[in-house]
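Following: one structure in structure tokens, then a few remarks.
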Amino acid sequence: MQTLLTDTQKKAVLENAKNIIIIGLSPDAQKPSFQVASYLLAKGYTIIPVYPRGGEILGQKAFCSLKDALISLAQKNEQCDIIDVFRKSEALPAVLSEICALSHLSSFDKNRLCVWVQLGLKSQEAYQKAQECGILYQEDSCIEIEHQRLFAS
0 MQTLLTDTQK KAVLENAKNI IIIGLSPDAQ KPSFQVASYL LAKGYTIIPV YPRGGEILGQ
60 KAFCSLKDAL ISLAQKNEQC DIIDVFRKSE ALPAVLSEIC ALSHLSSFDK NRLCVWVQLG
120 LKSQEAYQKA QECGILYQED SCIEIEHQRL FAS
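The letter at position 78 of the sequence shown is residue 77 when you use numbering that gives the first Met the number 0, and the numbering goes up by one with no holes.
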């Protein structure tokens, strides 16, 4: 059984984050990914959508791949702080393999990157890959709900 992030760790990740790549961000305003991304934007985070068709979502350029999004950040001398994942549980091991394979990019800092897998999604294999890669991993947890809970005033 995996050990996920403590509230203290989650709060630190969210406090120190600026750039959040969202894999599976839908342009459909009714979808949870769109609603979460809207919330994160309103809270001052920069969101970087990854959507297979590209285009623009919530006024932000959508990249067709995670690699393209990370390269774009690297070209701006910026880091990715959180990769928020809205993909089916079965896809999570492949997503984590891709993330780990891109760890050589300058926008990727293992010491600060957190992969955050949304509510209802989990994978022991993905968790193990994150551990092997040395990155923080949170699953089955909505980043919006956690932000609201941890920063309630």
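Glycine included, each C-beta is placed from N, C-alpha and C at the ideal position.
Exercise. Taking C-alpha atoms, which residue in Ile82, Leu104, Ser106 lies nearest to Leu39?
Worked result: Among Ile82, Leu104, Ser106, the Cα nearest to that of Leu39 belongs to Ile82.
Exercise. Looking only at C-alpha atoms, which of Leu13, Pro51, Ser64 sits nearest to Thr183?
Worked result: Outside the displayed span of the chain (0 to 152) sits residue 183, for which this structure offers no information.
Exercise. Alpha carbon to alpha carbon, what distance is there between Leu24 and Gly58?
Worked result: Between Gly58 and Leu24, the C-alpha separation is close to 13 Å.
Problem set entry | Cβ-Cβ separation, Ser64 to Val49 (assumed contact under 8 Å), whole Å | Contact holds; Cβ gap of about 7 Å.
Problem set entry | Rounded separation between Ser140 and Cys113 - CA only | Cα-Cα distance, rounded: 13 Å.
For this session: Determine the burial state of Gln74: buried for a count of at least 16 other Cβ atoms within 10 Å of its Cβ, exposed for fewer.
Result: Residue environment: Gln74 is assigned as exposed (fewer than 16 neighbouring CB atoms within 10 Å of its CB, all protein chains considered).
For this session: Round the Cβ separation of Ser96 and Leu120 to the nearest angstrom and send it over; I've been treating them as touching at under 8 Å.
Result: That belief does not hold up - the Cβ atoms of Ser96 and Leu120 are roughly 16 Å apart, past 8 Å.
Exercise. Given that a residue counts as buried once 16 or more other Cβ atoms are within 10 Å of its Cβ, and exposed if not, what is Ser106?
Worked result: Looking at its Cβ environment, which holds 16 or more other Cβ atoms inside 10 Å, Ser106 is buried.
Exercise. The alpha helix (DSSP H) spanning Ile70 covers which residue range?
Worked result: From DSSP, the alpha helix (DSSP H) with Ile70 extends over 65-74.
Exercise. Relative to the C-alpha of Ser37, which residue among Ile142, Leu149, Ala151 is closest?
Worked result: Closest option to Ser37, Cα to Cα, is Ile142.
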